[in-house]
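**Student:** Quick one: the structure is below, and I'll ask about it shortly.
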Amino acid sequence: MYQSFYSAAVGANAYLDKLSVTSNNLANINNSGFKPKNVAFSDLINYNLNDSADAVTELMAGDGMRVQRTYTNFGASAVSMTRSSLDFAILQDNAFFMVQDVGTEEVSYTRSGRFHRGELEGKFYLMTESNRLVLDADRQPIEVGQLAGDEGGGEDPAAIREKVALYTFNNPSRLVNKGDNEYLPADEGMEPILVESPLLTTGALESSGTDMGEEMVKIIEAQRAFSYALKMITTSDEIESTINSLRG
């Protein structure tokens, strides 16, 4: 009887985690370059009812399931056009801009190409919305002069595009979200690989990868599974109360 309480409780907790992940995906549906997370479940320890622990028969029982991990699909999403020559959209899967924090010099990766011309120590550089430096193929900040179209003319935006580099990883699923739509390698051994022929377009942004219909289906599934787990706890409690009353 106590096992049913435990299995139901861990199940409810796992689907609560799934609801949290799904709600975060929906909250970022309008965030350019956002990639939704998915939840992977795994069974907890299974055991045999009438045989040894290593035996495999049809009489198997388990201790419920848990969230094993969350993972992100870094596939390319739809592109929306903008009027900014400093907006960049990535058109290929598993590719990222390399960006650097001005203060800490920490390097992270993002697919959001909403950039601007930011000033730093008297010079102007290509920067992200969170004022991180966008790095080129040599992992150096991209300096941006006065843009063509400004008073007095200036640098052609097409020339800036040639400076923007993309990087990839052998195992992008190992990247960890650090916030601000940026990612860090989970392991020290993960080295960024320069993309030789990057597929980029300017004057556009990659839309969020969140699919409203798909996420709503996940919410319905998780809510129902969560309510069934709670019902299992209630039923187990009622049975336990009945047994205790009979004993008394």
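Using the working numbering, read the sequence shown as starting at 33 and increasing by one per residue. Glycine included, every Cβ here is placed at the ideal spot set by N, Cα and C. The structure displayed is predicted, hence computed values, not measured ones.
1. Looking at Val-15: is its Cβ nearer than 9 Å to the Cβ of Leu-207?
2. Identify every residue that forms a DSSP beta bridge with Thr-104.
3. Per DSSP, Ile-225 forms a beta bridge with which residues?
4. If you follow the alpha helix (DSSP H) that Ala-271 is in, where does it begin and where does it stop?
5. How about Leu-165: is its C-beta nearer than 9 Å to some C-beta of chain B?
6. Apply the 10 Å Cβ neighbour rule to Glu-220 and answer buried if 16 or more other Cβ atoms are within range, or exposed otherwise.
7. Per DSSP, what kind of secondary structure is Ile-192 in: helix, strand or coil?
8. Taking three-plus beta-carbon pairs below 8 Å as touching, is the segment 255 to 265 in contact with the segment 222 to 240?
9. Are the Cβ atoms of Ile-174 and Val-139 separated by less than 9 Å?
10. With a cut-off of 8 Å on the beta carbons, I'd call Phe-156 and Gly-177 a contact; round off their distance for me.
11. Less than 6 Å between C-beta atoms, sequence neighbours within five positions excluded: which residues of the same chain meet that for Lys-67?
12. Within the same chain, show all residues whose beta-carbon is closer than 8 Å to that of Asp-125, passing over the 5 residues directly before and after it, in chain order.
13. With a CB to CB cut of under 6 Å and the five nearest residues on each side skipped, what residues in its chain are close to Lys-50?
14. Starting from the C-beta of Asn-276, find all residues in its chain whose C-beta is less than 8 Å away, skip the five residues before and the five after it, and write them out in chain order.
15. Which residue's Cα is closest to the Cα of Ser-64: Asn-203, Ser-205, Thr-233, Glu-238?
16. Return the CA-CA distance between Ile-61 and Asn-163, expressed in angstroms with no decimal places.
17. Please classify Leu-119 as buried or exposed, where buried requires at least 16 neighbouring CB atoms within 10 angstroms.
18. Among Tyr-215, Gly-145, Thr-274, whose alpha-carbon lies nearest the alpha-carbon of Thr-114?
19. May I ask you to list the residues that DSSP assigns as paired with Tyr-157?
20. Pick from Phe-201, Asn-213, Ile-271, Ile-192: whose alpha carbon is nearest that of Arg-143?
21. Put Ala-236 into one of helix, strand or coil per three-state DSSP.
22. In terms of residue numbering, what span does the beta strand (DSSP E) encompassing Val-139 cover?
23. Would you kindly work out how many angstroms separate the C-alpha atoms of Leu-278 and Ser-52, rounded to a whole number?
24. Just how far apart, CA to CA, sit Met-159 and Thr-267?
25. Cα separation between Leu-167 and Pro-204?
**Tutor:** A quick look at the data gives this:
1. Residue 15 is absent from the structure shown; the chain starts at 33 and stops at 280.
2. Among the bridge pairs identified by DSSP, Thr-104 is matched with Lys-69.
3. Paired residue(s): Thr-200.
4. The question names Ala, yet the displayed sequence has Ile at residue 271. Where Ile-271 is concerned, the enclosing alpha helix (DSSP H) stretches over 244 to 279.
5. As a matter of chain content, chain B is missing from the structure shown, which is built from one protein chain.
6. The residue is exposed, with fewer than 16 neighbouring Cβ atoms inside 10 Å.
7. In the three-state DSSP reduction, Ile-192 falls in the helix class (H, G or I).
8. Under the 8 Å Cβ criterion, the segment 255 to 265 does not count as touching the segment 222 to 240, having fewer than three qualifying pairs.
9. It is not a contact, given that the beta carbons lie outside the stated cut-off.
10. Between the beta-carbon of Phe-156 and that of Gly-177 there is about 7 Å, and that keeps the pair under the 8 Å contact cut.
11. Hits under 6 Å: Thr-104, Phe-106, Gly-241.
12. Hits under 8 Å: Phe-106, Gly-107, Ala-108.
13. Counting only Cβ-Cβ distances below 6 Å, and skipping sequence neighbours, we find Val-71, Ala-254.
14. There are no such residues.
15. Per the Cα distances, Glu-238.
16. Between Ile-61 and Asn-163, the C-alpha separation is close to 22 Å.
17. Looking at the sequence shown, residue 119 is not Leu but Asp. Buried, since its Cβ has 16 or more Cβ neighbours within 10 Å.
18. It is Gly-145.
19. Paired residue(s): Gly-150, Glu-175.
20. Among Phe-201, Asn-213, Ile-271, Ile-192, the Cα nearest to that of Arg-143 belongs to Asn-213.
21. If DSSP states are grouped into helix, strand and coil, Ala-236 belongs with the strands.
22. Unbroken beta strand (DSSP E) run through Val-139: 139 to 142.
23. One Cα belongs to Leu-278, the other to Ser-52, and the distance between them is close to 42 Å.
24. Spanning the two alpha carbons is a distance of roughly 57 Å.
25. Each residue's Cα considered, the two are about 19 Å apart.
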